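Report on the following structure.
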Ligand code: SAM
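Residue numbers (the numbering used here): 20 to 245.
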């Protein structure tokens, strides 16, 4: 059985009892970052062997994990933070396991996009998660244009280094919509900034971005009623 185990996105106390029990019971833990998962396991006094499973070895490592699953072993997949498969290499393994008709389940838990969306205060009844935008401006604008007329709340992951350029492109493509920057969620410097795209962008000139961000932007025609 493959267990997709969600882990904290910052605050270690957000680990679930089932996640801990699963990590204790499985034969092996496949980790996107063995050092980071090693710290998590140590914190909860769990001794378990790990195998690396990350973007650069995912094809080869998936083969190894499939072989273990076929032998009847149990494997927990833990990615860097949050829910495996959401904007991380977990997805490719999940697809292979489903295709091979092997057993898979999930131990649910934190996902940055859900926390950011809920705290945004923007409409929650329908939303579109777009993950990480392309890094280059031309491709990024075309990527943003896909949802230009969509009424759904839009959610993006973005690195602090590219955040100003991303917001600038979002402003050009969508106009000055309501948006939210959800930063360092569940961590010491957790912050949720709500405002127009132009105001959020202006604030980043004064306070350069630091830490991890989720960007939430209101859908077309879905401006928040004041
Ligand atoms: N699988 C993860 C999940 O369930 O959210 C996401 C993995 S993705 C590689 C990492 C991105 O998620 C970060 O670049 C950031 O955009 C977002 N993220 C993760 N943790 C966060 C946090 N504590 N606060 C804000 N954003 C976070």
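We put the CB at the ideal spot given by N, CA and C, even for glycine.
Keep in mind that this is a model prediction, so the values were computed, not measured.
Remark: C-beta atoms of residue 237 and residue 128 do not approach each other more closely than 8 angstroms.
Relative to the ligand SAM, residue 97 has its C-beta separated by 7 angstroms or more from all heavy atoms. Beta bridge pairing from DSSP links residue 21 with 94 and 123. Beta-bridge analysis with DSSP links residue 26 to 101. Excluding residues up to 5 positions away in sequence, 160, 163, 164 and 167 lie with their Cβ nearer than 8 angstroms to the Cβ of residue 192 in the same chain.
Taken through DSSP and simplified to helix, strand or coil, residue 197 comes out as strand. When distances are taken from the beta-carbon of residue 206 to the heavy atoms of the ligand SAM, the shortest one is below 7 angstroms. Distance from residue 112 to residue 132 at the Cβ level is roughly 20 angstroms; contact not present, criterion being Cβ atoms closer than 8 angstroms. By DSSP's assignment, residue 235 forms a beta bridge with 174 and 199. Residue pairing from DSSP leaves residue 183 without any beta-bridge partner. Contact check for residue 211 and residue 138: beta-carbon distance about 5 angstroms, within the 8 angstroms limit, so the pair qualifies. Within the region 51-93, the runs of alpha helix (DSSP H) that reach at least 4 residues and sit entirely inside it are, in chain order, 53-62 and 77-89. Using a 10 angstroms sphere on the CB of residue 180, the tally of other CB atoms stays under 16, which defines it as exposed.
Considering only 61, 43, 70 and 38, the residue with the shortest C-alpha distance to residue 53 is 70. Of all alpha-carbon atoms in 106, 51, 126 and 135, the one lying nearest the alpha-carbon of residue 152 is that of 106. Judged by pairs of C-beta atoms under 8 angstroms, the region 78-96 does not touch the region 190-208, as fewer than three such pairs exist.
Between residue 149 and residue 175, the gap from beta carbon to beta carbon is short of 8 angstroms. The beta carbon of residue 125 lies closer than 6 angstroms to those of 23 in the same chain, with the five residues before and after it left out.
By the neighbour-count definition (other C-beta atoms within 10 Å, threshold 16), residue 116 is a buried residue. Secondary structure of residue 34 (DSSP, three-state): coil. Cα atoms of residue 60 and residue 240: separation of roughly 46 angstroms, rounded to the nearest angstrom.
Around residue 189, the same chain offers 163, 216 and 236 as residues with beta carbons nearer than 7 angstroms, after the five sequence neighbours per side are excluded. With respect to the 8 angstroms criterion, residue 205 and residue 28 are classified as neighbours on the basis of their beta carbons.
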